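K.L.:
2 protein chains.
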Amino acid sequence: MTTLYHYPLCPFSRKIRLLLGEQKIGVDLIVERYWENRKEFIKLNPSGEVPILIFDEVTFCGQYAISEYIEFKYKNILPEDTKTKAENRRLIDWFDNKFYREVSKIIINERVEKRFRSIEKGGGLPNTELIRMAIGTMNNHLKYMEYLLERRFWLVTNKIELADLTAASHISCLDYLGDIPWEKFPEIKLWYSRIKSRPSFRSILTDKIVGIPPRGNYALLDF
Amino acid sequence: MTTLYHYPLCPFSRKIRLLLGEQKIGVDLIVERYWENRKEFIKLNPSGEVPILIFDEVTFCGQYAISEYIEFKYKNILPEDTKTKAENRRLIDWFDNKFYREVSKIIINERVEKRFRSIEKGGGLPNTELIRMAIGTMNNHLKYMEYLLERRFWLVTNKIELADLTAASHISCLDYLGDIPWEKFPEIKLWYSRIKSRPSFRSILTDKIVGIPPRGNYALLDF
Numbered sequence: 193m194t195t196l197y198h199y200p201l202c203p204f205s206r207k208i209r210l211l212l213g214e215q216k217i218g219v220d221l222i223v224e225r226y227w228e229n230r231k232e233f234i235k236l237n238p239s240g241e242v243p244i245l246i247f248d249e250v251t252f253c254g255q256y257a258i259s260e261y262i263e264f265k266y267k268n269i270l271p272e273d274t275k276t277k278a279e280n281r282r283l284i285d286w287f288d289n290k291f292y293r294e295v296s297k298i299i300i301n302e303r304v305e306k307r308f309r310s311i312e313k314g315g316g317l318p319n320t321e322l323i324r325m326a327i328g329t330m331n332n333h334l335k336y337m338e339y340l341l342e343r344r345f346w347l348v349t350n351k352i353e354l355a356d357l358t359a360a361s362h363i364s365c366l367d368y369l370g371d372i373p374w375e376k377f378p379e380i381k382l383w384y385s386r387i388k389s390r391p392s393f394r395s396i397l398t399d400k401i402v403g404i405p406p407r408g409n410y411a412l413l414d415f
Numbered sequence: 193m194t195t196l197y198h199y200p201l202c203p204f205s206r207k208i209r210l211l212l213g214e215q216k217i218g219v220d221l222i223v224e225r226y227w228e229n230r231k232e233f234i235k236l237n238p239s240g241e242v243p244i245l246i247f248d249e250v251t252f253c254g255q256y257a258i259s260e261y262i263e264f265k266y267k268n269i270l271p272e273d274t275k276t277k278a279e280n281r282r283l284i285d286w287f288d289n290k291f292y293r294e295v296s297k298i299i300i301n302e303r304v305e306k307r308f309r310s311i312e313k314g315g316g317l318p319n320t321e322l323i324r325m326a327i328g329t330m331n332n333h334l335k336y337m338e339y340l341l342e343r344r345f346w347l348v349t350n351k352i353e354l355a356d357l358t359a360a361s362h363i364s365c366l367d368y369l370g371d372i373p374w375e376k377f378p379e380i381k382l383w384y385s386r387i388k389s390r391p392s393f394r395s396i397l398t399d400k401i402v403g404i405p406p407r408g409n410y411a412l413l414d415f
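Residue numbers (our numbering), protein chains in the order written: chain A, 193 to 415; chain B, 193 to 415.
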């Protein structure tokens, strides 16, 4: 049995769902509101973070351990060539660290997690100034991505690879919250509509968070 | 020719220096004050971050791309066994992401980078309240590490592995700045003194930042 502990608006969880979908690995999904620090969950991953994948009788904590294992086992989500593999990992690092720290973590915390946390644990109303700054930074990141996609069909080569799944997982969370200015980034929009149409993306488009319905055309393939 | 662009008090740069040292790969070191966004440097890595390794005629941007390539090529910094490899990656993720975001990034920014940045780019006096909070969080992380080291000789197995090099790179930056309360964590102290004695650590112990001399026993093997 393969089990994934995830949170719908966690970009790292989405990345693993996309990855498993692309590999056609069936999985039981368990939603974990990780900020609640549930005891049994902390036992599985003491860092208290999602995703966790139980697969091949091993518990893999974190998207890094999971994605590298899947790559090791199936050898088809990262190109074999050293240069394009390094280029994938450069962009994965960019989205999972820089973009996450400067953009997605802030926006998801302010718009989503704060609603569910108690005041003592950092809950409360969103800080609109922080959101405004993160959206400004996001636009700079997206300008660079647009520049790449003017030159490449997918982010690295002419084939969908792990860098694309990674970027799409962050962008799709922000799209759910209505924060992507699609009209400014036509190449990203084309790229995203290609990803959205893949079977691996289907379950992500049906995600719903209580009290926070998806904005705009989130669930539409033709947006 | 192998070249590493690094910054002495960047934990990711230190991790790669340790890794290259453990593999006995000779390297030309170039110090990059990455916050200055030097044009030629941005051309190498548009994200503007260190480390960058030029190796085997490929430019590897970021510690993730570098360390996974070195592992792929030499196959001796991560154990082969799936379970202990996943455990390494769980802890690497922990230090490079959670610990970095909550502790090392904040302290290094406040104590070091702010001195060198202009006021418009976020420079100025350190925010002592932020440092105090980060040190509080650091103590919680270290408690968990102490718990692990009470049970294991190195962080994962009885052999030094990538998780150890990763943790040591973050901890050594904080030790340079005098922020590790060694007396509270005897197991971490023993573990760190073992790492400090390794030849791969030597060049890190000679690091000096202008205007910020190393604190306490930073450079002493017997501390």
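Ideal placement from N, C-alpha and C gives every residue a C-beta, glycine not left out.
For clarity, every value in this text was computed on a predicted model and none was experimentally measured.
#1: Leaving out the 5 sequence neighbours to the left and right, which residues in its chain are closer than 7 Å to residue 316(B) when beta-carbon positions are compared?
#2: For residue 323(B), name the three-state secondary structure that DSSP assigns.
#3: Go ahead and label residue 403(A) buried or exposed: buried means 16 or more other beta carbons lie within 10 angstroms of its beta carbon, across all protein chains shown.
#4: Under a CB-based cut-off of 8 Å, is residue 285(A) close to chain B?
#5: Please confirm if residue 361(A) has its CB atom under 8 Å from at least one CB of chain B.
#6: Who does residue 250(A) pair with in a DSSP beta bridge?
#7: Whose C-alpha, out of 334(A), 225(A), 369(A), 228(A), is nearest the C-alpha of residue 406(A)?
#8: Please report the straight-line C-alpha distance between residue 327(A) and residue 371(A), rounded to a whole angstrom.
#9: As an exercise, report each continuous alpha helix (DSSP H) stretch of at least 4 residues that is fully enclosed by the stretch 374-400 of chain A, in chain order.
#10: Rounded to the nearest angstrom, what separates residue 287(B) and residue 380(A) at their Cα positions?
#11: Under 8 Å, CB to CB, which of the residues in the stretch 330-358 of chain A have a partner in chain B?
#12: Would a check of beta-carbon distances place residue 239(B) closer than 8 Å to chain A?
#13: According to DSSP, is residue 402(B) helix, strand or coil?
#14: When burial is assigned at 16 or more other CB atoms within 10 Å of the CB, is residue 412(A) buried or exposed?
#15: Of all Cβ atoms in chain B, is any one closer than 8 Å to the Cβ of residue 319(A)?
#16: Please determine, among 193(A), 217(A), 197(A), the residue with the shortest C-alpha to C-alpha distance to residue 391(A).
#17: So, residue 212(A) versus residue 219(A), is the Cβ gap smaller than 8 Å?
#18: Put residue 339(A) into one of helix, strand or coil per three-state DSSP.
P.N.:
If we stick to the structure as given:
#1: The answer, listed in chain order, is 306.
#2: Under the three-state reduction of DSSP, residue 323(B) is assigned to helix.
#3: So residue 403(A) ends up on the exposed side.
#4: Contacts with chain B at 8 Å (Cβ-Cβ) include residue 285(A).
#5: At a cut-off of 8 Å between beta carbons, residue 361(A) makes no contact with chain B.
#6: DSSP output for residue 250(A) lists 247(A) as bridge partner(s).
#7: Measuring from the Cα of residue 406(A), the nearest candidate turns out to be 369(A).
#8: Looking at the two C-alpha atoms, the distance is approximately 7 Å.
#9: Segments of the alpha helix (DSSP H) lying fully in the stretch 374-400 of chain A: 378-388, 394-397.
#10: Their Cα atoms are separated by approximately 32 Å.
#11: For the stretch 330-358 of chain A, the residues whose beta carbon sits under 8 Å from a beta carbon of chain B are, in order, 336.
#12: By this cut-off, residue 239(B) is an interface position.
#13: The answer is coil: DSSP assigns residue 402(B) none of H, G, I, E or B.
#14: Per the 10 Å Cβ criterion, exposed.
#15: So, not an interface residue.
#16: Checking every option, the nearest Cα to that of residue 391(A) belongs to 217(A).
#17: The Cβ atoms of residue 212(A) and residue 219(A) lie closer than 8 Å to each other.
#18: Here residue 339(A) sits in helix by DSSP.
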